[in-house]
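In what follows, a structure is listed as structure tokens, so that the remarks can point back to it.
Protein chains in written order, with my numbering: chain E, 85 to 297; chain Y, 214 to 694; chain Z, 9 to 668; chain S, 37 to 339.
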């Protein structure tokens, strides 16, 4: 199973890079859908004993991360005419470079960290840290409201991946609670993004800078 | 069972209030659930029940303090909301009351749970429950506020989730799969065995994550916007209850770290963040032109004080907890009064408000009293709190911290005093209504009650509360005076 | 003890009782004033008994607040401050009744509520044996007095004065807080220790600085006095009378109570006090001479007297350090006596001048003149107060000043080297201060009350004064004379307090020393009366003719051509010009047919322009720089979060990560 | 309360009016005039006391009270001074402070009376009186301080009594400076030239004269006598400093007062005729000089 798991993790990284390079929002959403599917596969790959727990987790992940969230995002920007990221503070190249740096750092740190006994997939920790950092890259460099939501999703997914290392030890209830929170969170974010679009007739979050002292 | 009820009553109330068609009855639902919640909390205080609900919930002094403060503040806000709903149509429409109750439910969950995972779930839930209350689709400013609130807090909370996972890893890596990880008792029991590196990492992420929610600089940026833009009862709830809940989450982390004998690295972090927050708050309070943002920054300062107090340990922690209780009540009442001012004057600009004492005597008097209460002046509850806090600093041989804090607080008092007294004093504004206007009881009594409570606590600390404070302080390495 | 408790209780009741009669202002005022007077009477009895009592009356009860305890201690020293508090408090309460000054929502009662609260808190300050209680009472005192200062908060000037007062008080309270924290940490108890604990030299210095800031601000010790002139000018007359007469003595009580806790007196402490006192006295009295606002004149004179008291305390400490009992006893008794005499005289003066200002609807000395003729009784009493403040023989002020001089002379004789030189310098400065004080009071009375009016008072002003105005002033004036005629008994009464301050000192020495002053005052009064009678007999023959003042043949516009207050002060101002840096704007006269000429001079307090403005400005500029960093973008804010995370992680983990 | 003290007091009270006249006579002689007869002041006093009183309508009781206070204070001050070189009639420890205080009281009432008339002339005079006192007062006290240090005493009786003779042997320099400084203070306090000009007829240049411009009849008489007495007191102080007579037999000590006072008066006259009147702004400088001199005397005794 390890190989399978590693492949999936590799694909997850790839999707993250894809988000970093592409500027078109709809494309980003599609990529996140793919990432959702991959994440749903991970519990199976994580080598934890298959059971109700894993099954429910897989199903829930698939439903929410690959199903609902992308819909919400698409709905949020349905009125947005311009769907390109405008003037990110660093271009795609810079994004990729930062991403690479993130990956390097993540693996560097992860290999030095002491690990729980019998961690199925070695890659889980570094990949999670990497996608966490890449999520931050998106969050701190993109300007459009929806891009930030996507960045948040990447971050969240990274943490989710790390959560899988403990798949057996975290009660199902908590896992589901986490999923639910993410769902509601993104739902409200979607609402707000939609409203931002209405109000500003653009996704540019730089326009939301009126509250200051 | 009782504990479960404390969480479920508001939750079910939220559902019921949403389903109830008649808008008139929603207020009833709100006040009813709030009162019931307060009653249950009181019972819990008396019985101090052991673990309930499969050991996921439990009542300990630390949680009890926060729960009590939250419950009291919520009752006040609920009563205020009755008068408030008569004037303004609520944000979030029919969901308004439900969101309020949902917030109460999640806050109670955070206060009572013993599982870090549930703790996290509850924290995130508070964010999500309050966001719609700040959010007013028609108002661009509130849109911006809620946007920043959501993004920054969600990111912060996400970090906290990672921290939680780290904590579990610290447990598994060192102890192996014995006992449930993330259950507070098990963690405390095996604290000394926890893997130090993971534990530290966990604490850092918890601190930054929940610290974001708590409003520690430099993660505080969302707070003034949200508190400034939210309707006054919500601001009161945010800074009277929500911040303390977040603080509790941080304290839980401290609890584990302390049990693991790892205070050595945690304390300086807390002190650093605390002092930084105080400094930032002082800087932004000076010349602050919006009185709601002013109150928000003063909340940041309060949170900084609490962090420093916990970081100092010893008596200081006791003081910090006492200050937490006092500050939550005082700040809530101040925000409610600010709401009254906003209703009458229709502006948030400090400069455009004057003559409160003449125009609306009760609210004006409350505002001035609140100013003195929040700046830890005797005979209010924050005074002994601050005294204990500073005494801890001096006894610990860190007089410089006491000096810095006193100076910063003096600066804060200068700023807030200039603003508040400028609003309160002076001739009554020449308006259509003759001064003094009659003030709605529902809008005046709640803040009055809160301030009275602060005063009473300052005049005499009930032994029960004092014991609880001492016990709670002890769990994070504090001591009683 | 029960008496004083009853007094405090009555005051507290008075502080809340007015609420019963919110609607009926007169009843509210009656309740408030009545409570103040009754409480004062009880307190006076308690103080009187304690003044003579050898050992302290102690009461301590538990107070369920961390560190705090309801510890009260009434010893001779406390009584020495409690007695004037009660006397003047009662009289000021009566003074407050006729001047319907309380215009705001709460009505007259609200003012009396704060007034009673102020009395109660001041009494508690004097009595407190627990540091927390003391601090709490101190703060309440500040807030109550603040409320009284901003009584007329419709005026912007009043609001600003009040704010300034509040800020300085809070800074001082911060110093006190720190002082108490350190003391408590050193002694391990929050009870007010009677015995000093050994501190390191640096610690002593730090604690002393904290004391001077904390107590000195309230006592108006230069350079912490800047709040006082504005606040006293802003407050209603009876309030400034109470604040200036009694509240500043609380600061001196603090110093007297806490300085011994520093351990054996050190020369540094003594010389610092002497220096601050001398410099403050001279500087303040010069400023008093140059003020136009009558109440600011009095306020600066208060600062001057605070300086004298500080100087006396310093001399006493120097004596204790040098082992010169005579100097020690003289110095401390001078301080105590001057506190008493100044309290009485200054509240009398504030009451009288305040009444005049209220009638004239103006505090501008240049607009006054000839008011004595309108209100002979009040005017006469005011003149008595002015003479007492001017410290001329025959009135109370002189005894205090004489004691200070006496102490300095004694010090000059017994001390050696620098200390002796310091004493002589003190003598010279004190002499100059006395002369300027004389000029200042002559200016206040001569320009303000004598001569002819420069501006006509508003119609309907100066109706016959209420008895509630004249009676308290008369009582104060009488006490000024009484103290001057019989100083020995008062000094004897203060012996107990003196013994607590100067252990092993012989108060009888002072009692004997001041006895001749009493007879001097009596003889002087007699001789003057004799000459007056003689003169009356001579001038009485035939009816005295009344004419114009001889004006060199020019008798037009007598009011406008009088000597003005500024011109009266001009010689002194010119002599001290480099010190005062007065801004003078003069216009004309030019040409053969000068159109118009004007001359305006303004002297600012150097401590404000030179110290406080720059300091506060600098701090706020610094914080402004921090504010400018704000860039309200969500991405920027998120960067802050990441930054914090990375910094902390780096701090914690770099050593761990690189470890294999 | 000795006979000699009473005698000396009586003597000085009697001869006080002579001193201004003597000084004036000296000036006249040195400027080649004959001048007024020595007894003229007594005639003037008699005349003034006989006159009726005239009062300005603006004046109040203060104006009428002032002469009594001025003279009364001067009389009591005279009682404190050890005129017979032994001890004052009512001397006590620290009486020198009272002495200064009494003179200050006189000054204050004089100024108030001047301001009471509401005339700018009197205001001017009062302003100058008060202003110059700001500098003469410290000088006087430094003189007293130097005397105290030189003699080790803190009462006039001691400073000018027996210890003074010993002090002259021990600290002549200090006492000499004290004497000179005291002389300058005398010129200012007794309002003589070069500080004031008693003979002028131009109000703008006067100090003491203009302050009492509006007084007439008995009031003026009393004030004139009071100022003469003040002059005499300072003269006695000066004489006492240079001429410690404690050791002399009492009658001689009292009798010696007369020539001593006369000498001082003549000296004052000489100075007045020798020196031009100072510009008013320069008076403080002169007095500061006096203070500095006395301070120097003190410094010599600091050890």
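Think of the CB as a built atom: it goes at the ideal place given N, C-alpha and C, for glycine as much as any other residue.
Keep in mind it's a predicted model, so treat the numbers as computed, not measured.
Indicate the three-state DSSP secondary structure (helix, strand or coil) for residue 317 (chain Z) in the structure shown. In the displayed model, residue 317 (chain Z) falls within a helix according to three-state DSSP.
If we call anything under 8 Å between Cβ atoms a contact, is residue 153 (chain Z) one with residue 251 (chain Z)? It is a contact, given that the beta carbons lie within the stated cut-off.
Residue range of the alpha helix (DSSP H) that residue 269 (chain Y) falls in? For residue 269 (chain Y), no alpha helix (DSSP H) run applies, since DSSP gives it neither H nor E.
Short check: CB of residue 168 (chain S) to CB of residue 338 (chain S), under 8 Å? Not a contact, by the Cβ cut-off of 8 Å.
Check distances from the C-beta atoms of the stretch 468-490 of chain Y to those of chain E and list, in chain order, the residues that come in under 7 Å. Near chain E, meaning a CB-to-CB distance below 7 Å, no residue of the stretch 468-490 of chain Y qualifies.
Uninterrupted beta strand (DSSP E) stretches inside the stretch 535-615 of chain Y (no shorter than 3 residues): At a cut-off of 3 residues, not a single continuous stretch assigned as beta strand (DSSP E) sits fully inside the stretch 535-615 of chain Y.
Exposure label - residue 421 (chain Z); buried when at least 16 CB within 10 Å: If you draw a 10 Å sphere on the C-beta of residue 421 (chain Z), you find 16 or more other C-beta atoms in it, and that means buried.
Which ranges does the beta strand (DSSP E) cover as unbroken runs of at least 3 residues, wholly within the stretch 136-206 of chain E, from first to last along the chain? Counting only runs of 3+ residues, no beta strand (DSSP E) is found wholly inside the stretch 136-206 of chain E.
With a threshold of 8 Å on Cβ separation, who are the neighbours of residue 245 (chain Y) within its own chain once the five nearest residues in sequence on each side are excluded? These residues qualify, in order along the chain: 226.
Do you know whose CA, among E:221, E:245, E:273, lies nearest residue 644 (chain Z)'s CA? Residue 644 (chain Z) has its Cα closest to that of E:221, out of E:221, E:245, E:273.
Grouping DSSP H, G and I as helix and E and B as strand, with all else coil, what is residue 250 (chain E)? Here residue 250 (chain E) sits in coil by DSSP.
With a threshold of 6 Å on Cβ separation, who are the neighbours of residue 650 (chain Z) within its own chain once the five nearest residues in sequence on each side are excluded? Within the same chain, residue 650 (chain Z) has no close Cβ partners at all.
Quick check: what's the CA-CA separation for residue 617 (chain Y) versus residue 600 (chain Y)? Computed Cα separation, rounded: 14 Å.
Are the beta-carbon atoms belonging to residue 214 (chain S) and residue 183 (chain S) less than 8 Å from one another? Pairing residue 214 (chain S) with residue 183 (chain S) gives a Cβ-Cβ distance under 8 Å.
So what's residue 298 (chain E) in DSSP terms, helix, strand or just coil? The question about residue 298 (chain E) has no answer here: the residues shown for chain E are numbered 85 through 297.
Please report the straight-line C-alpha distance between residue 705 (chain Y) and residue 365 (chain Y), rounded to a whole angstrom. What the structure shows of chain Y is the stretch from 214 to 694, and residue 705 (chain Y) is not part of that stretch, so it cannot be assessed.
Just the chain Y side, please: which residues come within less than 7 Å of residue 279 (chain E) by C-beta, in chain order? Here the neighbours are 350, 356.
For residue 638 (chain Y) and chain C, any beta-carbon pair shorter than 8 Å? Among the protein chains of the structure shown, namely E, Y, Z and S, there is no chain C.
Please work out which residues of its chain come closer than 6 Å, Cβ to Cβ, to residue 263 (chain Z), disregarding the five sequence neighbours upstream and downstream, and give them in chain order. Excluding sequence neighbours, residue 263 (chain Z) sits near 223.
Name the one or two DSSP bridge partners that residue 90 (chain S) has. By DSSP's assignment, residue 90 (chain S) forms a beta bridge with Z:553.
If you measure between the beta carbons of residue 690 (chain Y) and residue 594 (chain Y), is that distance less than 8 Å? No.
Nearest-angstrom Cβ-Cβ length linking residue 442 (chain Z) and residue 409 (chain Z), presumed shorter than 8 Å: The beta-carbon distance between residue 442 (chain Z) and residue 409 (chain Z), rounded to whole angstroms, is 6 Å. This is short enough to meet the 8 Å contact definition.
List the residues of chain Z that residue 293 (chain E) touches, going by C-beta distances under 7 Å, in chain order. Those are 640, 641, listed as they occur along chain Z.
Cβ-Cβ separation, residue 654 (chain Z) to residue 368 (chain Y) (assumed contact under 8 Å), whole Å: The C-beta distance from residue 368 (chain Y) to residue 654 (chain Z) rounds to 14 Å, too long to meet the 8 Å contact threshold.
Does the distance from the CB of residue 381 (chain Y) to the CB of residue 253 (chain E) come in under 8 Å? In this structure, residue 253 (chain E) lies closer than 8 Å to residue 381 (chain Y) by Cβ.
With a 10 Å radius around its C-beta and 16 neighbouring C-beta atoms as the bar for buried, classify residue 173 (chain E) as buried or exposed. Exposed: under 16 other Cβ atoms inside 10 Å.
Opposing strand residues paired with residue 372 (chain Z) [DSSP bridges]: Z:301.
If we define contact as Cβ-Cβ less than 8 Å, is residue 308 (chain S) a contact residue for chain Z? Not an interface residue.
Report the rounded CA-to-CA distance for residue 181 (chain S) versus residue 327 (chain Z), giving the unit in angstroms. Spanning the alpha carbons of residue 181 (chain S) and residue 327 (chain Z) requires a straight line of approximately 18 Å.
So residue 189 (chain S) packs on residue 199 (chain S), CB below 8 Å; how close in whole Å? Contact check for residue 189 (chain S) and residue 199 (chain S): beta-carbon distance about 5 Å, within the 8 Å limit, so the pair qualifies.
Taking Cβ positions, are residue 231 (chain Y) and residue 308 (chain Y) nearer each other than 8 Å? With contacts defined by Cβ atoms closer than 8 Å, residue 231 (chain Y) and residue 308 (chain Y) form a contacting pair.
Hey, out of Z:234, Z:431, Z:261, Z:270, whose CA is closest to residue 191 (chain Z)'s CA? Ranking the options by Cα distance to residue 191 (chain Z), first place goes to Z:270.
Please classify residue 607 (chain Z) as buried or exposed, where buried requires at least 16 neighbouring CB atoms within 10 angstroms. Label assigned to residue 607 (chain Z): exposed.
Check each residue of the stretch 664-677 of chain Y: if its Cβ is closer than 8 Å to any Cβ of chain Z, include it; give the result in chain order. Within the stretch 664-677 of chain Y, 671, 672, 673, 674, 675, 676 place their CB atoms closer than 8 Å to a CB of chain Z, listed in sequence order.
Grab me the residues of residue 496 (chain Z)'s own chain with a C-beta within less than 7 Å of its C-beta, minus the 5 sequence neighbours each way, in chain order. 519, 522, 523, 526.
Residues, ordered as in the chain, of the stretch 140-168 of chain E that lie near chain Y by beta-carbon distance below 7 Å: For chain Y, none of the residues of the stretch 140-168 of chain E brings a beta carbon within less than 7 Å of one of its beta carbons.
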